[in-house]
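Peer 1:
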Amino acid sequence: MKIQEAIAVINQIQADGIIERYATGGAVAATFYLEPVATIDLEIFVLFKANPNSLIINPQPLYDYLIERGCTMEGEYVMIAGWPVQFLPPTGALVEEALEKAINLDIEGVPMQVFSAEHLASIALQTGRAKDKARLLQFIEEGALDVEQFQSILIRHQLEEPWQRFEQQFLQG
Amino acid sequence: MLFDLEKVIKSKQRFRRELAARPIAEKLDMLDKLRERSLTLRAKTVPAKVLLPNISSRRGK
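Chains S and X, in that order, give the protein sequences. Each residue of the first sequence is one higher than the one before, counting from 1 in the numbering used here. Each residue of the second sequence is one higher than the one before, counting from 1001 in the numbering used here.
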């Protein structure tokens, strides 16, 4: 069970042209900026290759590719190197932007694309579950955000109101 | 024994920062180990549904 092996497989999917672009999100991506927190899965946001004959995104070629290489399906996950990996298309403008502006990193020779800290924090604010709020708070308390960049994302994606509510609830008093 | 809560919080914060500052390869190794540990704990834990009575059905009573 090794996350770096899973990342190497995902890089190969991209190199073989099955997907156009990917970036890691969720708790694994947050690990790049914060202390590691236990997580059961690896969230990979994916830009699928456009099919000129269809407007519908079809993830089947990706699953076929992985199954041919010995990966197994478990519900909505594909098991890669012992890690359940969830492939997700961008769910809105914010995630699309996060994917477009993902950071390229190198982990002991293995390249990896990861959402920026500011995009992860904005997505956490937008998603708004208890664990997302906890993560956002961690980003703030650890000083892991570029405040100007974070604010510009909040404005671009109309997140000022949720941010004000978050500030009132957790950062004031 | 006296507990200085402020001291405890500051020490925890320092430890979290120290963990966050470690090399990424080391942090990814930690994720692997944390996941293995979570799976072990999960396998040995009684599901919450068994432990907790169904609150919504009790409300209806």
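Cβ coordinates follow ideal geometry from the N, Cα and C atoms, glycine included. Small disclaimer: the values here were computed from a predicted structure and weren't measured.
1) Is the closest heavy atom of the ligand MG to the C-beta of S/Gly17 under 8 Å?
2) Could you give the C-beta distance for S/Leu120 and S/Trp163, rounded to a whole number, given that I count them as a contact under 8 Å?
3) On a Cα-Cα basis, can you pick out the residue from S/Cys71, S/Gly25, S/Gly92 that is closest to S/Phe45?
4) Could you have a look at S/Glu108 and say whether DSSP puts it in helix, strand or coil?
5) Listed from N- to C-terminal order along the chain, which residues in the stretch 11 to 35 of chain S have their beta-carbon within a distance smaller than 9 Å of any beta-carbon of chain X?
6) For X/Leu1041, which residues of its own chain have a beta-carbon under 8 Å away from its beta-carbon, when the five flanking residues on both sides are left out?
7) Using three-state DSSP, classify S/Phe150 as helix, strand or coil.
8) Is the distance from the Cβ of S/Ile179 to the Cβ of S/Ile103 below 9 Å?
9) Which of the residues in the stretch 1021 to 1033 of chain X, read from start to end, lie with their CB under 8 Å from any CB of chain S?
10) Out of S/Ile67, S/Gly109, S/Gln113, point me to the one whose CA is closest to S/Glu43's CA.
11) Listing by chain order, which chain S residues have their CB less than 7 Å from the CB of X/Ser1038?
12) Ends of the beta strand (DSSP E) at S/Tyr22?
13) To which residues of the same chain is S/Leu159 closer than 7 Å at the C-beta, ignoring the five residues directly before and after it?
14) Determine, for S/Gln169, whether the minimum Cβ-Cβ distance to residues of chain X falls below 9 Å.
15) Does any CB atom of chain S fall closer than 9 Å to the CB of X/Leu1005?
16) Residues of chain X with CB under 8 Å from S/Glu108, in chain order?
17) Which residues of chain X have a Cβ atom closer than 7 Å to the Cβ of S/Gln4, listed in chain order?
18) Name the chain S residues whose beta carbon is nearer than 9 Å to that of X/Arg1016?
19) Does the distance from the C-beta atom of X/Lys1010 to that of X/Leu1019 stay below 9 Å?
Peer 2: In terms of the structure at hand:
1) Summarising the ligand content, the structure contains no ligands, and the ligand MG is consequently not present.
2) Wrong, their Cβ atoms sit about 15 Å apart, outside the cutoff.
3) S/Gly25
4) coil
5) Ala27, Val28, Thr31, Phe32, Tyr33, Leu34, Glu35
6) none
7) helix
8) Because residue 179 of chain S is not part of the residues shown, which for chain S are 1 to 173, the question remains open.
9) Ile1024, Ala1025, Lys1027, Leu1028, Met1030, Leu1031, Asp1032
10) S/Gln113
11) Ala38, Ile40
12) 19 to 24
13) Ser122, Leu125, Gln126
14) no
15) no
16) Ala1025
17) Leu1028
18) Leu34, Glu35, Gln138, Glu141, Glu142
19) no
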